[in-house]
Amino acid sequence: MEPRIVIHLDHRKTVYDPGEILSGKVIITPADCVDVIKAIELSILWYTDGKGDQDLHVHHFRRWSQEGDSLVPISSPLCFQTILPQTPLSYDGLIIRVRWCVRVRVFPVKGREIVEEIIFRLGHVAPAKVRIQ
Amino acid sequence: MARWFRLFEKKRGNRRTGSERIAGLWEAAFFACLFLLGCLGFWLALRFLLLPEWRSGRDFLPVACKVLETRLGTTVREGQTLYRPEVCIEYRVGERVYRLWTYDIHTVRGNGYSVDRQHAERCLKNYRAGETRTTWYDPANPEIAVVERGFRWWTWLVLLIPFSFVVLGAGGVSYHVWRWGKSVERLAVQGKPLALSLSANPEATLFPFVPEIPSGIQQPGEHLPYRLPVLGTPSRALLGWLAAALFWNGSVLALALAVYYSEKFDWSFSLFLIPCLMIGLTLAAAFFRQWMVTTAIGQTIVEISDFPLICGQRYRVYLKQTGWLKMNWLEMLIVCEEEATFQHGTNTRRETRRVWQKTLVRHEKFDILHSVPFEIEKEIEIPSAMMHSFRSPHNEVRWRLCVRGSAQDWPVFERIFPLVVLPEPSKKSETVSWSRRSVQTTTAGGGASPEESGHENAETA
C-alpha cells in the first residue's frame with residue numbers, strides 16, 4: 010500500500026513573522042508501511058516562482074533513512090521545529106514570487122518518490138501592483 | 142512521439158516541459174561517451190606513438206651498420222608535399238645480412254613526414270655514404286632497425302587531447318552519479334550550488350539574500366551622513382569608447398602599413414580601407430561626444446540621512462547637480478523593480494518590471510552654473526508592506542534612486558544610485574528593531590551565530 014503524508018503546522022498558522030518559531034509534525038500513514046519506506050526527507054525552504062529560472066534555498070533539512078536493520082521511525086509523528094529567518098519574506102510580485110513551504114519527500118523501496126508540501130507565508134509583504142506616483 | 146519522449150526542456154510561461162530525470166540520463170550518457178572517446182584516444186596515442194618510441198629506446202639492441210645511401214623521402218597529403226630523412230643501411234644480425242631504408246621508428250612504421258624540408262635535409266647531413274654507424278634493431282624482429290632513437294616532443298602534446306576528453310567525461314559522469322537519486326533539497330544542503338548564494342554564507346548574515354551594502358556607501362556625505370555610490374559611472378563609458386577607438390584605428394593603421402610595405406597596395410585594398418576608416422572616425426567622434434557629455438553635464442551627488450533604509454520609515458535625501466547647463470528638466474525618482482533572468486533556448490534573457498515609482502523632485506527650465514550648482518533636499522518615505530531588497534541567482538528585487546535630466550543641446554542623461562531596503566521590523570519578532578551599525582557590520586561579512594540565523598541541517602540515519 011502506498012504511504013500517505015500528512016503535514017501539520019502547530020497552531021494551524023499559515024502566516025509567520027520573521028524570527029518566529031515554526032513547528033509541526035509529519036504523520037506517515039498507514040503506520041505498518043514502514044517496511045516499504047527507504048527514507049524520509051523534511052525540508053523547510055523557499056523557492057522562487059515566475060518568469061525567472063527557479064532559485065531554491067533550504068533553511069532546515071532533516072533526513073531519516075534505513076541504516077542496516079534500523080527502520081524509519083514512523084510509528085510516532087516526526088516532529089520538527091526551526092526559527093524562521095528575517096529574510097527573504099514571502100512575496101507575490103509581477104514577475105517574481107517568493108514562496109516558503111514545508112516539503113516532505115518519502116522514498117519508497119520500490120517506485121517513485123512521494124512529495125507533499127504545505128505553503129506558508131513569512132512576513133506581511135503586500136502583493137505587488139504597478140504604482141506610479 | 143514528442144509528447145511521450147521529449148529530448149530537451151523548454152520553459153512555457155511558468156511551467157517546464159520535459160523530464161529532468163531523462164535530461165540527466167542524456168547528459169550522463171553524453172559525458173560517458175566523452176570519457177570513452179578520451180580512453181580510445183589515449184589507447185591509440187599510446188599504441189601508435191608513444192609505445193614504439195619507448196620500445197626503440199629501451200628494448201632495441203645496438204649493432205654496427207654501413208650507410209649505403211641517403212635521400213629525402215617525399216609524399217603528398219591533401220595537396221601538400223611532406224618530407225622526411227631516409228637512410229639506407231646494411232647490418233648483420235647472426236648469420237643474416239639486412240638492408241633497409243630507415244631513420245627513426247616513425248620512418249620504419251611508414252610515417253615521420255613533416256612540412257619542414259630544411260629540417261629533413263639537416264638530418265641527412267649527419268650521414269655519409271660508406272661510413273660505419275651504430276644502428277638499433279628489434280630483437281623480436283631484426284628486420285626493424287633505426288639509426289635515431291628518442292622521443293618527439295609533439296607526441297606528448299597529442300596526449301593532451303584525449304586527456305581533456307577523459308577529464309571532462311569523468312567529471313560529468315561522477316557529477317551525475319553523485320546527483321542520482323537525490324532530491325533537490327538534499328543537493329542544496331549538501332553543498333550543491335543549486336541556489337548560488339551571493340555572500341559566502343547567507344546564513345551568517347542577519348538578512349540572508351539581501352544584497353550587500355556597496356562599499357562606496359562607506360563614504361560619508363557633506364550635507365547628509367551617507368553619500369550614495371553611482372552605478373555605471375560616465376568615466377567607464379568614456380574609457381570604453383576610447384579603448385574601442387584606439388583598438389579599431391590601430392588595427393586599421395597596422396593593416397594599411399603592412400600592405401603598403403609589402404607592395405601589394407592596389408585600388409581594391411583602397412576600396413576596402415574606406416569603410417574601415419569611416420568606422421574608425423565614427424568611434425573617435427563617439428569618444429569625443431562622450432567626453433563632452435561627461436565634462437559638461439558634471440557630477441551628480443546624492444546623499445541620504447540613513448542607510449540601509451527600512452520599509453515604513455522616512456528619510457532625507459539631498460541632490461546636487463554640477464556642470465554648466467541650461468536644463469530643460471531635471472527629476473529624481475525612487476523606484477522598486479523586479480528583474481528575472483531566464484534561459485530561453487541557448488540564450489540568457491532578462492526581464493525587468495517596475496513595481497513602484499515615486500517622483501521626488503522635478504524642476505523645469507533653469508540654469509546650472511559652475512559657481513552655482515543645483516541643490517535640493519527632500520523627504521522620502523519607503524511604504525510599509527513593500528518587498529525588501531532581495532537577490533538570488535536568477536531573481537532580484539531592487540530599490541534605486543534615479544536622477545534623470547535633459548539639458549539644451551545635450552542628450553537625456555540618467556544616473557542611478559542603488560539603495561538597500563530592509564523589511565519592517567516585526568512586533569512579534571525578538572529583534573523588534575535593528576540598529577544600522579549592527580546591520581552594516583553583519584552584512585559586510587561579520588557573522589551572526591548559527592543560533593541567531595536559526596538554520597539547522599541534519600541528516601539522521
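Sequence lines, in order, name chains A and B.
All you need for the numbering used here is the position in the first sequence, starting with 1, plus 9.
All you need for the numbering used here is the position in the second sequence, starting with 1, plus 141.
Here a beta-carbon is modelled for each residue, glycine too, at the ideal position from N, C-alpha and C.
Practice item. Give the residues from the region 125 to 136 of chain A that approach chain B closer than 8 Å (Cβ to any Cβ), ordered along the chain. Key: Gly132, His133, Val134 and Ala135
Check your understanding: Looking at the C-beta of leucine 347/B, does it have a partner C-beta in chain A at a distance below 8 Å?
Key -> Working through the second sequence from its first residue, we reach residue 347/B at position 206. It does: the Cβ of leucine 347/B has a partner Cβ on chain A nearer than 8 Å.
**Study point:** Test: valine 538/B CB closer than 8 Å to a CB of chain A
**Key:** Residue 538/B sits at position 397 when you count from the first residue of the second sequence. Output row for valine 538/B: interface = yes.
Review point. Can you tell me where the beta strand (DSSP E) with cysteine 543/B in it begins and where it stops?
Key: Along the second sequence, one-based indexing puts residue 543/B at 402. From DSSP, the beta strand (DSSP E) with cysteine 543/B extends over 536 to 548.
Practice item. Quick one: measure Cβ to Cβ for isoleucine 246/B and glutamate 194/B, integer angstroms, because I've assumed they're closer than 8 Å. Key: Working through the second sequence from its first residue, we reach residue 246/B at position 105. Working through the second sequence from its first residue, we reach residue 194/B at position 53. 6 Å between Cβ atoms; contact.
Exercise for review: Report yes or no: is there a C-beta of chain A within less than 8 Å of the C-beta of isoleucine 481/B?
Suggested key: Position 340 of the second sequence, counting from 1, holds the residue named residue 481/B. Rather than isoleucine, the amino acid found at residue 481/B in this sequence is alanine. Chain A contact via Cβ: present.
Review point. For the alpha helix (DSSP H) that arginine 327/B lies in, which residues bound it at each end?
Key: Taking the first residue of the second sequence as 1, we reach residue 327/B at position 186. Counting along the chain, the alpha helix (DSSP H) containing arginine 327/B begins and ends at 325 to 330.
Practice item. Give me the Cα-Cα distance between valine 287/B and arginine 225/B, rounded to the nearest whole angstrom. Key: Along the second sequence, read from residue 1 onward, the residue named residue 287/B stands at position 146. Along the second sequence, read from residue 1 onward, the residue named residue 225/B stands at position 84. If you take the alpha carbons of valine 287/B and arginine 225/B, they lie about 14 Å apart.
Review point. Aspartate 44/A touches chain B at which residues, Cβ-Cβ below 7 Å?
Key: In the first sequence, residue 44/A corresponds to position 35, counting from 1. The contacting residues do not exist; aspartate 44/A stays about 17 Å from chain B at best.
Practice item. Provide the residue span of the alpha helix (DSSP H) that contains proline 416/B, from first to last. Key: Walking along the second sequence from the start, residue 416/B turns up at place 275. Residues 408 to 438.
Check your understanding: At what residue ranges does the region 250 to 290 of chain B contain a whole run of the alpha helix (DSSP H), taking only runs of 4 or more?
Key -> 258 to 266
Point to revise | Positions along the region 46 to 71 of chain A whose CB lies within less than 8 Å of some CB in chain B | key: Glu50, Ser52, Leu54, Thr57, Asp58, Gly59, Lys60, Gly61, Asp62, Gln63, Asp64, Leu65, His66, Val67, His68, His69, Phe70 and Arg71
Point to revise | Minimum Cβ-Cβ distance from aspartate 26/A to chain B less than 8 Å | key: Indexing the first sequence from 1 puts residue 26/A at position 17. Yes, aspartate 26/A lies at the interface with chain B (some Cβ there is under 8 Å from its Cβ).
Review point. Residues of chain A with CB under 8 Å from methionine 433/B, in chain order?
Key: Counted from its first residue, the second sequence places residue 433/B at position 292. Under the 8 Å cutoff, chain A gives no residues; its nearest Cβ is about 33 Å from methionine 433/B.
Exercise for review: Give the DSSP bridge partners of methionine 468/B, in chain order.
Suggested key: Against the second sequence, residue 468/B aligns to sequence position 327. Partner(s): Phe507/B and Ala548/B.
Check your understanding: Residues of chain B with CB under 9 Å from glycine 33/A, in chain order?
Key -> Your numbering for residue 33/A matches position 24 in the first sequence. None at all; the shortest Cβ gap to chain B is about 15 Å.
Review point. To which residues does DSSP link aspartate 101/A through a beta bridge?
Key: Here residue 101/A refers to the residue found at position 92 of the first sequence. DSSP, once it has assigned bridges, lists Arg106/A as partnering aspartate 101/A.
Exercise for review: Taking only beta-carbon positions, decide if alanine 164/B is within less than 8 Å of chain A.
Suggested key: As a working mapping, residue 164/B is identified with position 23 in the second sequence. For alanine 164/B, the answer is no, since every Cβ of chain A falls outside 8 Å of its Cβ.
Review point. How many Å lie between isoleucine 517/B and glutamate 492/B at the Cα?
Key: Counted from its first residue, the second sequence places residue 517/B at position 376. Counted from its first residue, the second sequence places residue 492/B at position 351. The straight-line gap from Cα to Cα measures roughly 33 Å.
**Study point:** Reduced DSSP category for isoleucine 523/B - H, G, I as helix; E, B as strand; rest coil
**Key:** Translated into the one-based positions of the second sequence, residue 523/B becomes position 382. In this structure, isoleucine 523/B counts as coil in the three-state DSSP scheme.
Check your understanding: Tell me which same chain residues have a C-beta within less than 7 Å of the C-beta of alanine 336/B, skipping the five on either side of it?
Key -> Taking the first residue of the second sequence as position 1, residue 336/B is located at position 195. In this predicted model, alanine 336/B has a pLDDT of only 36, less than 50, meaning its place in the structure is not dependable; the value taken from the coordinates is given anyway. Closer than 7 Å at Cβ, skipping near neighbours: Ala329, Ser533 and Pro534.
Exercise for review: Pick out the complete beta strand (DSSP E) segments inside the region 38 to 102 of chain A, 3 residues or longer, and give them in chain order.
Suggested key: 46 to 59, 65 to 74 and 87 to 92
Exercise for review: Ignore the nearest five residues each way along the sequence and tell me which others in alanine 427/B's own chain have a CB closer than 6 Å to its CB.
Suggested key: Working through the second sequence from its first residue, we reach residue 427/B at position 286. Excluding positions up to five away in sequence, the list reads Trp382.
Check your understanding: In the region 80 to 97 of chain A, which residues sit with their C-beta less than 7 Å from some C-beta in chain B, listed in chain order?
Key -> Thr91, Ile92, Leu93, Pro94, Gln95, Thr96 and Pro97
Review point. On the three-pair Cβ rule with 8 Å, is the region 37 to 50 of chain A touching the region 307 to 317 of chain B?
Key: no
Check your understanding: If you measure beta-carbon to beta-carbon, which residues of the region 529 to 559 of chain B are closer than 7 Å to chain A?
Key -> His529, Phe531, Ser533, Pro534, His535, Asn536 and Val538
Check your understanding: Leaving out the 5 sequence neighbours to the left and right, which residues in its chain are closer than 7 Å to threonine 296/B when beta-carbon positions are compared?
Key -> Here residue 296/B is taken as the residue at index 155 of the second sequence, counted from 1. Around threonine 296/B: Leu190, Leu191 and Glu194.
Exercise for review: Spell out whether any CB of chain A is found under 8 Å from the CB atom of serine 340/B.
Suggested key: Numbered from 1 along the second sequence, position 199 holds the residue referred to as residue 340/B. In this prediction, serine 340/B has a pLDDT of 41, which is less than 50 and means its spatial position is unreliable; what the coordinates show is noted afterwards. No, serine 340/B lies away from the interface with chain A (no Cβ there is under 8 Å from its Cβ).
Practice item. State the start and end residues of the unbroken alpha helix (DSSP H) segment that holds arginine 199/B. Key: Taking the second sequence and counting its residues from 1, the one referred to as residue 199/B is at position 58. Looking at the DSSP string, the run of the alpha helix (DSSP H) that includes arginine 199/B is 192 to 199.
Exercise for review: May I ask you to list, following chain order, the residues of the region 490 to 516 of chain B that have a beta carbon less than 8 Å from some beta carbon of chain A?
Suggested key: Glu492, Arg494, Arg495, Val496, Trp497, Gln498, Lys499 and Thr500
Check your understanding: Exposed or buried, which one is glutamate 262/B when buried takes at least 16 other CB atoms within 10 Å?
Key -> In the second sequence, counting from the first residue as 1, residue 262/B sits at position 121. Answer is exposed; the Cβ neighbour count stays below 16.
Exercise for review: Figure out for me which residue from Gln360/B, His364/B, Ala481/B and Leu365/B has the closest Cα to the Cα of valine 371/B.
Suggested key: The sequence position of residue 371/B within the second sequence is 230, counting from 1. Residue Gln360/B is the option with its Cα nearest to valine 371/B.
Point to revise | Counterpart residues of valine 24/A in DSSP-defined beta bridges | key: For this step, residue 24/A is matched to residue 15 along the first sequence. DSSP lists Arg130/A as partners of valine 24/A.
Practice item. Confirm, please, whether the CB-CB distance from leucine 418/B to valine 393/B is below 8 Å. Key: As a first step, residue 393/B must be located in the second sequence, where it is residue number 252. As a first step, residue 418/B must be located in the second sequence, where it is residue number 277. Closer than 8 Å, so yes.
Check your understanding: Within this structure, are the beta carbons of phenylalanine 554/B and glycine 546/B separated by less than 8 Å?
Key -> By 1-based counting over the second sequence, the position of residue 554/B is 413. By 1-based counting over the second sequence, the position of residue 546/B is 405. The answer is yes: Cβ separation under 8 Å.
**Study point:** Collapsed DSSP secondary structure at glutamate 444/B in the structure displayed
**Key:** By one-based count along the second sequence, residue 444/B stands at place 303. If DSSP states are grouped into helix, strand and coil, glutamate 444/B belongs with the strands.
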